[in-house]
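Participant: First residue of the sequence shown? That's 10 in my numbering, and the numbers climb one at a time after it.
Every residue gets a Cβ at the ideal spot worked out from N, C-alpha and C, and that includes glycine.
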Amino acid sequence: MIQGYYIALERTLFLDHASDEHIRIWQVNLEVFNRGLELIRPGARCCDIAIELNDIYARYGLLEYRSFGYGHSFGVLSHYYGREAALELREDIETKLEPGMIISMEPMVTIPEGRPGAGGYREHNILIVTEDGAEDINNFPYGPENMIIKK
10 MIQGYYIALE RTLFLDHASD EHIRIWQVNL EVFNRGLELI RPGARCCDIA
60 IELNDIYARY GLLEYRSFGY GHSFGVLSHY YGREAALELR EDIETKLEPG
110 MIISMEPMVT IPEGRPGAGG YREHNILIVT EDGAEDINNF PYGPENMIIK
160 K
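1) Over the uninterrupted alpha helix (DSSP H) stretch that includes Gly45, give me the two end residues.
2) Where do the N-terminal and C-terminal ends of the alpha helix (DSSP H) with Tyr130 fall, by residue?
3) Give a yes or no on contact between the segment 97 to 117 and the segment 69 to 82, applying the rule of three or more CB pairs nearer than 8 angstroms.
4) Is the beta carbon of Gly152 within less than 7 angstroms of some heavy atom of the ligand ZN?
5) Quick check on the DSSP output: the beta strand (DSSP E) that includes Met114 runs from which residue to which?
6) Does Glu73 come out as helix, strand or coil in the three-state DSSP assignment?
7) Is DSSP giving Glu140 helix, strand or coil here?
8) If you reduce the DSSP assignment to three classes, tell me which class Leu106 lands in.
9) Quick one: what's got a C-beta closer than 8 angstroms to Glu103's C-beta in the same chain, skipping five residues either side?
Quick look at the structure:
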């Protein structure tokens, strides 16, 4: 909780080693995450953000492994209570972002067991839409250089 508001932070983690395919998929998810952070700004439509991020996953053959939207509003009571359905980063939501809105960026793909790179990949930050962009209130590292934890 920060200043009375619930927030979230999620990171992809590996213990000791990640295969080349794990790293490849992780890097794709990071490309989607970083582009998503750039797209959060006033006037951007939720559906347009989702469609552009879908294109990145599709370019790498990973769109079929995405399971839900790219982010959502945050309530004052908890992660779920107080969320607004009209402020979800999905293809069917035409809401335009406005200054003061609080929204997450949290792309995720899950590769099924038995496939190369099997596992879940997710980065998750919270942003406040400002007059000219967005403020990322999570200041925590991510990516293979930070999140492969040595034994």
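Facilitator: Taking the geometry as given:
1) Looking at the DSSP string, the run of the alpha helix (DSSP H) that includes Gly45 is Asp29 to Leu48.
2) The continuous stretches of alpha helix (DSSP H) do not include Tyr130, which lies in the beta strand (DSSP E) extending over residues Gly128 to Arg131.
3) Touching, yes.
4) Absent from the structure shown: the ligand ZN. Ligands present: none.
5) If you look at Met114, you'll find it in the beta strand (DSSP E) that goes Ile111 to Met114.
6) Taken through DSSP and simplified to helix, strand or coil, Glu73 comes out as helix.
7) Three-state result, Glu140: coil.
8) If DSSP states are grouped into helix, strand and coil, Leu106 belongs with coil.
9) Scanning its chain for C-beta atoms nearer than 8 angstroms, with the 5 sequence neighbours on each side dropped, one finds around Glu103 the residues Arg54, Cys55 and Cys56, in chain order.
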